[in-house]
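Notes for the one structure printed next.
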Amino acid sequence: MELVDRIIKAYDIRGLVDSELTPDFAFAAGIAFASFLEMKKEPGTVVIGEDMRPSSPELATAFADGLLSQSFDVIRIGLAATDQLYFASGSKNLPGAMFTASHNPAEYNGIKLCLSGARPIGQDSGLGWIRESIRNGAPMALRNSGKATELSMLNDYVDFLFSLFPSDAFAKEFNKRSLSIAIDAGNGMAGHTAPAVMAKINANVFPLYFELDGTFPNHEANPIDPKNLSDLQSLVRKRKADIGLAFDGDADRCFLVDETGATVDPSALTALIASRELSRHPGATIIHNLICSRAVPETIREFGGTPLRSRVGHSFIKGLMADSGAVFGGEHSGHFYFKDFWSADSGMLAALHAIAALLESGKSLSKLLAPFNRYKSSGELNTKVIDQKSALNNVKSYFINASGSIEDSIEIDELDGLTISAENWWINLRPSNTEPLLRLNVEASTANVTTRLVNQVLDILKKQ
Numbered sequence: 000m001e002l003v004d005r006i007i008k009a010y011d012i013r014g015l016v017d018s019e020l021t022p023d024f025a026f027a028a029g030i031a032f033a034s035f036l037e038m039k040k041e042p043g044t045v046v047i048g049e050d051m052r053p054s055s056p057e058l059a060t061a062f063a064d065g066l067l068s069q070s071f072d073v074i075r076i077g078l079a080a081t082d083q084l085y086f087a088s089g090s091k092n093l094p095g096a097m098f099t100a101s102h103n104p105a106e107y108n109g110i111k112l113c114l115s116g117a118r119p120i121g122q123d124s125g126l127g128w129i130r131e132s133i134r135n136g137a138p139m140a141l142r143n144s145g146k147a148t149e150l151s152m153l154n155d156y157v158d159f160l161f162s163l164f165p166s167d168a169f170a171k172e173f174n175k176r177s178l179s180i181a182i183d184a185g186n187g188m189a190g191h192t193a194p195a196v197m198a199k200i201n202a203n204v205f206p207l208y209f210e211l212d213g214t215f216p217n218h219e220a221n222p223i224d225p226k227n228l229s230d231l232q233s234l235v236r237k238r239k240a241d242i243g244l245a246f247d248g249d250a251d252r253c254f255l256v257d258e259t260g261a262t263v264d265p266s267a268l269t270a271l272i273a274s275r276e277l278s279r280h281p282g283a284t285i286i287h288n289l290i291c292s293r294a295v296p297e298t299i300r301e302f303g304g305t306p307l308r309s310r311v312g313h314s315f316i317k318g319l320m321a322d323s324g325a326v327f328g329g330e331h332s333g334h335f336y337f338k339d340f341w342s343a344d345s346g347m348l349a350a351l352h353a354i355a356a357l358l359e360s361g362k363s364l365s366k367l368l369a370p371f372n373r374y375k376s377s378g379e380l381n382t383k384v385i386d387q388k389s390a391l392n393n394v395k396s397y398f399i400n401a402s403g404s405i406e407d408s409i410e411i412d413e414l415d416g417l418t419i420s421a422e423n424w425w426i427n428l429r430p431s432n433t434e435p436l437l438r439l440n441v442e443a444s445t446a447n448v449t450t451r452l453v454n455q456v457l458d459i460l461k462k463q
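This is the structure we're talking about:
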């Protein structure tokens with residue numbers, strides 16, 4: 000029971016291979032998923048994808064066997080990026096399972112589950128039910144065996160991505176400008192999808208770590224950590240590339256590097272894509288999570304849209320997109336969600352928006368994004384704190400008591416952790432879902448104010 004509670008998390012299943020996430024567990028999870036899908040009156044076929052980790056084929060097969068034992072059919076799409084699995088689920092209107100541990104180190108693996116139409120399954124929308132089913136002993140009675148088939152969907156996935164843009168957006172015959180694009184796949188699944196995508200673009204591509212290798216011999220496939228971008232930054236400078244793209248292990252997140260080798264704030268990319276989507280959908284709703292820069296909701300309003308603020312996490316954003324009809328949603332963590340992509344996230348689709356904007360504008364990436372870089376942010380800072388509730392209360396009390404001396408007025412909300420806002424700055428401090436950490440994000444009009452606020456909060460946390 001403790002094991003099940005430990006590896007079934009808020010958004011997916013994730014654990015250490017061999018000691019936690021084993022073939023036996025995957026088999027039981029397949030049976031539990033079949034029971035859940037029957038309860039939800041979902042189709043009786045599941046699409047299954049897997050990343051390049053050495054353990055993924057065996058775990059995916061065990062999970063498939065669990066489904067097959069319950070008379071479910073399975074479609075194995077083989078090696079896939081997570082957004083490729085979402086494409087399969089959405090286009091075929093079938094539930095899906097993706098075997099990946101995303102950006103985690105090689106010793107981990109995991110399962111991301113979705114309902115038909117790529118609808119997310121999180122803690123409150125199915126994972127909790129599946130957890131209890133496994134804990135209580137998922138029904139093991141064997142039925143008539145289902146049917147397993149294999150189907151490659153890479154070309155269909157690529158064609159669909161390009162169908163979301165005007166026919167002349169990337170074609171060589173329509174673009175005089177030829178881009179130079181550096182791509183760091185981090186030995187992850189972008190090494191599988193990027194060659195097929197880039198073949199359709201008028202560009203010279205400089206690949207880095209495209210070899211599929213789930214042991215990650217070069218660096219962790221986690222581009223949110225600056226140290227994992229250094230090789231891409233060097234390649235951009237060396238090759239004088241127009242843009243650099245960095246993907247995480249399952250390629251559902253994308254981070255950019257501009258032509259100078261500087262990392263691009265994901266909020267700036269969110270604002271850019273928001274402006275493009277609003278040109279196609281005037282007045283539409285755009286979602287941003289609460290640690291995105293203030294430049295994002297400002298941009299949305301400037302382009303005639305309606306900004307909608309969300310908690311951090313894909314299940315919250317996808318739920319809000321369904322409820323609000325939003326055409327796009329962006330997270331500061333590099334996740335980008337598109338209504339035209341079943342409201343699922345796609346790092347490759349976000350990258351294509353950036354490339355299309357470069358081709359259309361004729362500008363450098365740094366100049367293209369300059370209007371969206373308006374404030375100074377701290378980036379996310381993690382501090383180990385055991386008593387998180389007490390720490391949040393102490394930070395809240397400090398700013399309430401000090402508000403008269405630091406700002407005429409402050410606003411406080413607790414949508415996700417603690418957010419304190421003033422005219423020229425904001426702070427968000429929220430607990431990690433999986434570790435005894437508090438995650439701090441600060442943004443202000445000047446770097447000095449940002450640094451001062453960071454130091455004030457960290458001083459309080461050190462006293463815990």
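First residue of the sequence shown? That's 0 in numbering that gives the first Met the number 0, and the numbers climb one at a time after it.
We put the CB at the ideal spot given by N, CA and C, even for glycine.
Please name the residue in G121, T214, I200 and G248 whose C-alpha comes closest to that of A220. Comparing alpha-carbon positions, the option among G121, T214, I200 and G248 lying closest to A220 turns out to be G248.
Within the stretch 378 to 446, note down every full alpha helix (DSSP H) run reaching 4 residues or more, in order along the chain. The alpha helix (DSSP H) runs lying completely inside the stretch 378 to 446 and spanning 4 residues or more are 387 to 405, given in chain order.
Do we get a CB-CB distance below 8 Å when we pair D158 with the residues of chain C? Among the chains in the structure shown there is no chain C, since it carries only a single protein chain.
Closer than 7 Å: N221 CB and nearest the ligand NAD heavy atom: Ligands displayed in this structure: none; no statement on the ligand NAD is therefore possible.
C-alpha distance - K317 paired with Q122, whole-angstrom precision: Cα to Cα, K317 sits roughly 14 Å from Q122.
Tell me whether the stretch 434 to 446 and the stretch 376 to 391 touch, counting them as touching only if at least three CB pairs, one residue from each stretch, are closer than 8 Å. Contact between the stretch 434 to 446 and the stretch 376 to 391 is present, with at least three C-beta pairs closer than 8 Å.
With 16 as the cutoff for other CB atoms within 10 Å, does F167 come out buried or exposed? A small fix is needed here, since residue 167 is Asp in this sequence, not Phe. In the assembly as shown, D167 is an exposed residue. Its beta-carbon has fewer than 16 other beta-carbons within 10 Å.
I need the boundaries of the alpha helix (DSSP H) containing M320, first residue and last residue. Segment H313 to S323, the alpha helix (DSSP H) holding M320.
A245 and V256 look like a contact to me (Cβ under 8 Å); what is the Cβ gap, rounded to whole Å? Contact holds; Cβ gap of about 7 Å.
Label K111 either buried or exposed according to how many other C-beta atoms from any shown protein chain fall within 10 Å of its C-beta, with 16 as the threshold for buried. K111 should be labelled buried.
Tell me D72's beta-bridge partners as DSSP assigns them. T44.
Rounded to whole angstroms, what's the CA-CA distance from I223 to L367? Just pull it up for me. Straight-line Cα distance between these residues: approximately 22 Å.
CB contact flag (E210, V235, <8 Å): No, these two residues do not count as a Cβ contact at 8 Å.
Going by DSSP, which residues form a beta bridge with D344? D344 is bridged to Y336.
With the cut-off set at 8 Å, would you say M347 and A240 are in Cβ contact? Not closer than 8 Å, so no.
Have a look at the DSSP bridge pairing and note the partners of R13. G109.
Out of D415, L150, A349 and W424, point me to the one whose CA is closest to A398's CA. Sequence check: residue 398 is Phe here, not Ala. For F398, the nearest C-alpha among the options comes from W424.
For F71 and G125, believed in contact at Cβ under 8 Å, the rounded distance: So it is not a contact: roughly 16 Å between Cβ atoms.
Less than 8 Å between the beta carbons of A63 and S88, yes or no? No; because the gap between Cβ atoms is not below 8 Å, this pair is not in contact.
Neighbour-count burial assignment, S132, 16 or more Cβ in a 10 Å radius: Answer is buried; the Cβ neighbour count reaches 16.
Quick one: any contact between the stretch 197 to 215 and the stretch 43 to 60, if contact means 3 or more CB pairs under 8 Å? With the cut-off at 8 Å, the stretch 197 to 215 and the stretch 43 to 60 touch.
State buried or exposed for D458, treating a residue as buried only when at least 16 other CB atoms are found within 10 Å of its CB. Burial check for D458: the Cβ neighbour count within 10 Å stays below 16, so the residue is exposed.
For the beta strand (DSSP E) that A270 lies in, which residues bound it at each end? For A270, no beta strand (DSSP E) run applies; the uninterrupted alpha helix (DSSP H) run containing it begins and ends at P265 to R279, by DSSP.
Please go through the same chain and pick out, in chain order, the residues whose beta-carbon is closer than 6 Å to the beta-carbon of D11, but skip the five residues on each side of it. Closer than 6 Å at Cβ, skipping near neighbours: G109 and K111.
State the start and end residues of the unbroken beta strand (DSSP E) segment that holds T284. Per DSSP, T284 belongs to the beta strand (DSSP E) from T284 to N288.
Which residue's Cα is closest to the Cα of M197: Q83, F161 and G416? Distances from the alpha-carbon of M197 to those of Q83, F161 and G416 put F161 closest.
Quick one: complete beta strand (DSSP E) runs, 3+ long, within the stretch 217 to 253? Entirely contained in the stretch 217 to 253, the beta strand (DSSP E) runs reaching 3 residues are, in chain order, 242 to 246.
Nearest candidate by alpha-carbon position, reference N201, set G187, S179 and G312: Ranking the options by Cα distance to N201, first place goes to S179.
Is V384 near L436, with beta carbons less than 8 Å apart? With respect to L436, V384 sits close: the two C-beta atoms are nearer than 8 Å.
Buried/exposed call for T445, threshold 16 Cβ in 10 Å: Result: exposed.
So, for L36: in the same chain, excluding its five sequence neighbours on each side, which residues have a beta-carbon less than 7 Å away from its beta-carbon? Cβ-Cβ distances below 7 Å link L36 to P94 in the same chain, with the five nearest sequence neighbours on each side left out; the list follows chain order.
Going by DSSP, what residue range makes up the beta strand (DSSP E) through S162? Premise fails: S162 lies in the alpha helix (DSSP H), L153 to S162, not in any beta strand (DSSP E).
Since A369 and L271 should fall inside the 8 Å C-beta cutoff, what is the C-beta to C-beta distance between them, to a whole number of angstroms? Contact flag wrong, Cβ pair sits at about 11 Å.
Count the other CB atoms within 10 Å of the CB of T148; is the residue buried (16 or more) or exposed (fewer)? So T148 counts as exposed.
Nearest-angstrom beta carbon gap, G329 and F254 [assumed within contact, 8 Å]: With a contact defined as Cβ atoms closer than 8 Å, F254 and G329 miss out at about 13 Å.
At which residues does the beta strand (DSSP E) containing A147 begin and terminate? Per DSSP, A147 belongs to the beta strand (DSSP E) from A147 to E149.
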